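The next block holds one structure in the form of structure tokens; read it before the comments.
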Amino acid sequence: MPALWIAHVTVTDEESYGKYAALAGPAIAKHGGHFIARAGRYVQLEGKDRPRNVVARFPSLEAAEACYHSPEYQEALSHARDASERELLVVETTE
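Take UniProt numbering: the last position of the sequence shown gets the number 95, and nothing is skipped along the way.
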């Protein structure tokens, strides 16, 4: 069953976060993920406002989780940790 990787991000260091973004995209693609929303327009209806919102679709929850734990994504994430405040979750879809 497909899954969505949903990230809500406030970038605090554009330069370092740019390094994350450059490495994260290929890591996500390597695990079958593709972006369906990336920093587009949004309306915050509830909860904490994060100005950057990203959604990637993966073939399965397991593929998304494997991506997160992969060496390639962990290398990318090392640039985001001190350059952003973020929440990330993966949710299985019904379609």
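Built from N, CA and C at the ideal position, the CB exists for glycine as well. In this text the structure is predicted, and so the values were computed from the model without any measurement.
By the neighbour-count definition (other C-beta atoms within 10 Å, threshold 16), leucine 23 is a buried residue. Apart from sequence neighbours up to five positions away, the residues of its chain that approach serine 16 with a beta-carbon distance below 6 Å are His79, Ala83, ordered along the chain. Closest option to alanine 39, judged by alpha-carbon separation, among His8, Gly33, Asn53: Asn53. Minimum Cα-Cα distance from leucine 88 among the listed residues Met1, Ala64, Ala7, Ala3 corresponds to Ala7. By the CB criterion at 9 Å, arginine 50 and threonine 12 fall outside the cutoff. With respect to the C-alpha of tyrosine 20, the residue from Gly33, Arg81, Ala3 having the closest C-alpha is Arg81.
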